[in-house]
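Worksheet for the structure shown next.
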Amino acid sequence: MITSPYVLTTADRVEIHELPGRYGDAIDDRDWAKLDTVFTQDAVFDLTGVGSRVCNGLDDIKAFMESEAAHPRTHMMTNVYAESDEHGVELRFRIVALIGKGLTSTGSYYDKLVKTENGWRTYHRYVSSRRRDKRDAEVDLKGISL
8 MITSPYVLTT
18 ADRVEIHELP
28 GRYGDAIDDR
38 DWAKLDTVFT
48 QDAVFDLTGV
58 GSRVCNGLDD
68 IKAFMESEAA
78 HPRTHMMTNV
88 YAESDEHGVE
98 LRFRIVALIG
108 KGLTSTGSYY
118 DKLVKTENGW
128 RTYHRYVSSR
138 RRDKRDAEVD
148 LKGISL
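Add 7 to a position in the sequence shown, counting from 1, and you land on the number used in the working numbering.
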């Protein structure tokens, strides 16, 4: 864990901004091995904000993804924003997933990151259908065709 402010370099930001894309590709391709490039081995994936469960560890995350085979196959990551402070590095992004027949699903992802020897990885992810902080409002695009 970072105990003092970490200054993100341009190279850090580029790598961090690729994390949501790698995650979306892994889910859309059903290639769970790609999740190794997104999460740490001991990552926590907290889905309680969307009415699901907490996954503990990369193997549990992969098992959850495999068991939820009905995931949409088109994920679009938007509003990607990384910041660092004395608490560490956080990545926030929105997701819009096309789930078929003109229906969409949206959510907010809040990741806590660590720089490993293999690059930036998420060690804690919280997923919510709500946006936190000043924008704490329900966002529901179901039934709206993009």
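The beta carbon of each residue, even a glycine, is placed where N, CA and C say it ideally should be.
Here the structure is a predicted model, which is why all the values come from computation and not from measurement.
Check your understanding: Tell me the DSSP bridge mates of Leu98?
Key -> Ala89, Asp118
Review point. Taking the alpha carbon of Ala104 as the point to measure from, which residue in Trp39, Ile34, His131 has its own alpha carbon closest?
Key: Ile34
Practice item. Ignore the nearest five residues each way along the sequence and tell me which others in Ser157's own chain have a CB closer than 7 angstroms to its CB. Key: The structure shown does not extend to residue 157, since the chain is modelled only from 8 to 153, so the question has no answer here.
**Study point:** Contact check, Met84 vs Tyr30, beta carbons under 9 angstroms
**Key:** yes
Point to revise | Secondary structure of Arg60, DSSP reduced to three states | key: coil
Exercise for review: Sort out for me which residues DSSP pairs Leu163 with in a bridge.
Suggested key: Because the chain is modelled from 8 through 153, residue 163 falls outside the range shown and cannot be assessed.
Review point. So Thr44 packs on Val121, CB below 8 angstroms; how close in whole Å?
Key: Their Cβ separation, rounded to whole angstroms, is 14 angstroms, which puts Thr44 and Val121 out of contact at 8 angstroms.
Review point. With 16 as the cutoff for other CB atoms within 10 Å, does Thr111 come out buried or exposed?
Key: buried
Practice item. Grab the span of the beta strand (DSSP E) containing Ser135 for me, first residue to last. Key: 126-135
Practice item. For Phe71, collect the residues of the same chain with a Cβ closer than 6 angstroms to its Cβ; drop the 5 residues on either side in sequence, then sort them by chain order. Key: Cys62
Check your understanding: To which residues of the same chain is Asp38 closer than 8 angstroms at the C-beta, ignoring the five residues directly before and after it?
Key -> Asp32
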